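In the working numbering, the protein residues as written are 31 to 142. Ideal Cβ placement from N, Cα and C applies to all residues, glycine included. Nothing here was measured: the structure is a model prediction, and the numbers come from that model.
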Amino acid sequence: FQLGFTSGAVASCLSSYNINHLDRFFLSGDKGFAEMQPSTGYGPIKGRTHQGELTQPVTIHQTVQMDEMADIIFANKKPIVPVNGEEALKDLKIIDAIYQAVKTGKKVPLTT
Numbered sequence: 031f032q033l034g035f036t037s038g039a040v041a042s043c044l045s046s047y048n049i050n051h052l053d054r055f056f057l058s059g060d061k062g063f064a065e066m067q068p069s070t071g072y073g074p075i076k077g078r079t080h081q082g083e084l085t086q087p088v089t090i091h092q093t094v095q096m097d098e099m100a101d102i103i104f105a106n107k108k109p110i111v112p113v114n115g116e117e118a119l120k121d122l123k124i125i126d127a128i129y130q131a132v133k134t135g136k137k138v139p140l141t142t
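Right, here's the structure in full:
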């Protein structure tokens, strides 16, 4: 699929959970690239850019997410992202636009 931006930039994308043994994220642009492999598992995520290896401490994103949820429930912490359905509605609008584009073969603009 492709994403078009108001600046004229176009992103050509591929996303799949059905490619065996390919746990990889790769982003390439006119100023360099970023890569994570593995990128979605429960273990440490390793990455590099055109400038070299990433050196950030290992963070297991599922653990961070679960700790944040626990703090919201038990410490009455305000969530970073609203939990009122706004984010889910944004996702559903994107999914609906994808279905429309496939059905019509035309670009479907997204509004914010």
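Rounding to the nearest angstrom, what Cα-Cα distance links I128 and Q67 in this structure?
In this structure, the CA atom of I128 is about 27 Å from the CA atom of Q67.
Report the option in H91, K61, P87 whose CA atom is closest to the CA atom of G71.
With respect to the C-alpha of G71, the residue from H91, K61, P87 having the closest C-alpha is H91.
Do T85 and I75 have their beta-carbon atoms positioned less than 9 Å apart in this structure?
Not a contact, by the Cβ cut-off of 9 Å.
Residues of its chain near A41, where Cβ-Cβ distance is below 6 Å and the 5 sequence neighbours each way are ignored
Apart from sequence neighbours up to five positions away, the residues of its chain that approach A41 with a beta-carbon distance below 6 Å are L33, ordered along the chain.
Any idea what DSSP makes of Q32, helix, strand or coil?
Reduced to three states, the DSSP call for Q32 is strand.
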